[in-house]
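>
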Amino acid sequence: MINLQRAVIEVFGGCNYSCKMCPQTTGRGSDWKKKMPLDFFESILDQLPGKPLINLEGSGEPSLLPDLPLYVEACTKRGLKSYMYCNGSKLVGDFAKDVVDAGISLIRFSCIGYDRPTYNHWMNVDNFDLILDNARFLSNYVKESQKDCTIASYHLILDNTKIEEEVNLYRKNFIEKAGTVGYVWKMHNWSGNYKPIYFRNAEKKKSCGRPAAPELTVRAGGNGKLGAVTPCCQTLGPPNESNSVLGHFEDQTFEEIWNGQLYNDLRVKHSENRFDEIDYCKNCDFLYEDPEVLVWSNDNKASIDYMLGTEFSLKDYK
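The working numbering numbers the first residue of the sequence shown as 172 and each following residue consecutively.
1. Taking only three categories from DSSP, how would you classify S310?
2. Taking C-alpha atoms, which residue in G392, T351 and G363 lies nearest to S201?
3. Could you check where the beta strand (DSSP E) with I278 kicks off and where it finishes?
4. Under 8 Å: do the stretch 172-179 and the stretch 383-391 share three or more Cβ pairs, one atom per stretch?
5. Would you tell me roughly how many angstroms separate the C-alpha atoms of S316 and Y254, rounded to the nearest one?
6. For K376, which residues from the same chain have a beta carbon less than 8 Å from its beta carbon, with the 5 sequence-adjacent residues on both sides left out?
7. Between which two residues does the beta strand (DSSP E) containing V464 stretch?
8. If I follow the unbroken beta strand (DSSP E) through M294, where does it start and stop?
9. Once the 5 residues before and after C257 are set aside, which same chain residues still bring their CB inside 8 Å of it?
10. Taking the Cβ atom as the reference point for each residue, do Y145 and A473 lie within a distance shorter than 9 Å?
11. Taking its Cβ as the centre, do 16 or more other Cβ atoms sit within 10 Å of K333, making it buried, or is it exposed?
12. Shortest alpha-carbon distance to H292 belongs to which of S324, L262, L329 and K261?
13. Quick check on DSSP: helix, strand or coil for C403?
14. From D217 to K248, what distance separates their C-alpha atoms?
15. To the nearest angstrom, report how far apart P237 and S442 are at their CA atoms.
16. Taking the alpha-carbon of G284 as reference, which of N295, G274 and G418 has the nearest alpha-carbon?
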């Protein structure tokens, strides 16, 4: 039995945004937009081997849960670090403080757009100033309360001919003002749901490493049940999300899913570079080598092969 280092457990599958680059916007079914009940979430935590980092998202927006601090607290009580990637629109006031006080270790704001017009265009809501204020508020609260929590931000290059210019704008307009640990990436195609915006050197595909890595992805709902397990967070939305389900925590244990035929078949095909036999993997641009996909960060540990908060390298599993 492997000791997990990371488990992405989606506590809520819905979202209050309709971003242009996210499959949530183009038809993720209602069956996937559920809330994961707290007791069900805790039952998953209690099955996981090792002391994995818990990511409280996957696709949905975790801050839409009024009782989100209880999910963070459930991790903290078990000695598990918790991270959260979110749009941050609901992280205000006492609710935001409660999330930090419950013991969360990192909150990462997704801000696609380096100013108010570009944010409004890509995220379909005029919230740039709100998100900046919320991130700055939390950065200040963490400093004042001396909590062990990092406030980070995630950004995407919108025009590949203006990379340096856009990085400077993200830094000037958001990262430096909010005091975040910032990460600027090129866009990806969500396992083939979108036509790639950027050229990828496709001379030779190789495994992304995720099927064999010590990490797990669990959705809130999925295919009529709770707790669908998928190979990674990239198989989002139709048709790939439903087709990529490897089991359900509703009626299977961790061991049954992790050692099951579907998961093992996926690992074998990745190890043998048989990607064309995997409908939900074959068009994913994570199979292409692109060392420049991480464009800029003020985190000196940032890497395309390391997940935030973990020590394993995907290179070891490719």
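Backbone N, C-alpha and C define an ideal beta-carbon position, used for all residues, glycine too.
Result, derived from the coordinates:
1. Reduced to three states, the DSSP call for S310 is helix.
2. Between S201 and the set G392, T351 and G363, the nearest pair of CA atoms involves G392.
3. From DSSP, the beta strand (DSSP E) with I278 extends over L277 to S281.
4. Counting C-beta pairs closer than 8 Å gives three or more between the stretch 172-179 and the stretch 383-391, which meets the contact rule.
5. Taking the CA atoms as reference points, S316 sits about 18 Å from Y254.
6. Closer than 8 Å at the Cβ level, and outside the excluded window around K376, lie N444, F446, L458 and Y459.
7. Looking at the DSSP string, V464 is not in any beta strand (DSSP E), and its letter there is neither H nor E.
8. That residue, M294, is in no beta strand (DSSP E); its alpha helix (DSSP H) goes R287 to M294.
9. E228, E232, P233, S234, I278, R279, F280 and S281, listed in sequence order.
10. Residue 145 cannot be examined here, being either before or after the span of the chain that is shown, 172 to 489.
11. Classification for K333: exposed.
12. Relative to the Cα of H292, the nearest Cα in the group S324, L262, L329 and K261 belongs to L329.
13. DSSP places C403 in coil when its eight states are reduced to three.
14. Straight through space, the alpha carbons of K248 and D217 are spaced by roughly 11 Å.
15. In this structure, the straight-line span from the alpha carbon of P237 to that of S442 is close to 42 Å.
16. Ranking N295, G274 and G418 by Cα distance to G284 puts N295 first.
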